[in-house]
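Heads up: the sequence shown runs through residues -26 to -1, 1 to 84, numbered per mature numbering (1 follows the signal peptide of the UniProt record, and there is no 0).
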Amino acid sequence: MNLKILLCSSIFLFFLKPNVPKGAYGLKNVCKLNFLNFNGFLPLYKTNKYFSKHDENLYESWDVKPLWNAKPFSLMKLPFNPQDMSPFLSEEAIKYHYSKHHATYVKNLN
């Protein structure tokens, strides 16, 4: 009896079509990652609207500003404000990853 119920319910569930949105928007809706603003495309233009003087001072304390204009490879600015990531990443983790890990790759490539 239990086997029949299990078999019938599994067949029924197999033929149901779940209402799961697909793509990056589906990921945002399904997983409830409301902190992400991802539409699948990166901007094709360079903008500095996300940066302020406070950010510039932060980068100076990290010692990475000379690598911004290095040739042939340069270190790009972060596309977000490091202080805004505090609930998800600590500023210390971002500093280490950006000023040590990424900066070392740029130095070694040049």
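Ideal placement from N, C-alpha and C gives every residue a C-beta, glycine not left out.
Nothing here was measured: the structure is a model prediction, and the numbers come from that model.
Residue i and residue j closer than 8 Å at C-beta
| i | j | result |
| --- | --- | --- |
| Lys69 | Trp36 | yes |
Three-way DSSP call (helix, strand, coil) for residue i in this model
| i | result |
| --- | --- |
| Ser35 | helix |
| Met59 | helix |
| Cys5 | A caution first: Cys5 carries a pLDDT of 46, below 50, which makes its placement in the model too unreliable to give a value. |
| Leu10 | Unreliable placement is indicated for Leu10, whose pLDDT of 48 sits below 50; the coordinate value is still reported in the next sentence. In this structure, Leu10 counts as coil in the three-state DSSP scheme. |
| Phe47 | coil |
| Leu52 | coil |
| Ser73 | helix |
| Asn82 | helix |
Whole-angstrom C-beta distance between residue j and residue i, which should lie under 8 Å
| i | j | result |
| --- | --- | --- |
| Ala77 | Val38 | 5 Å |
| Leu41 | Pro56 | Going by Cβ atoms, the distance from Leu41 to Pro56 rounds to 16 Å, so no, they are not a contact pair. |
| Leu52 | Tyr79 | Wrong, their Cβ atoms sit about 15 Å apart, outside the cutoff. |
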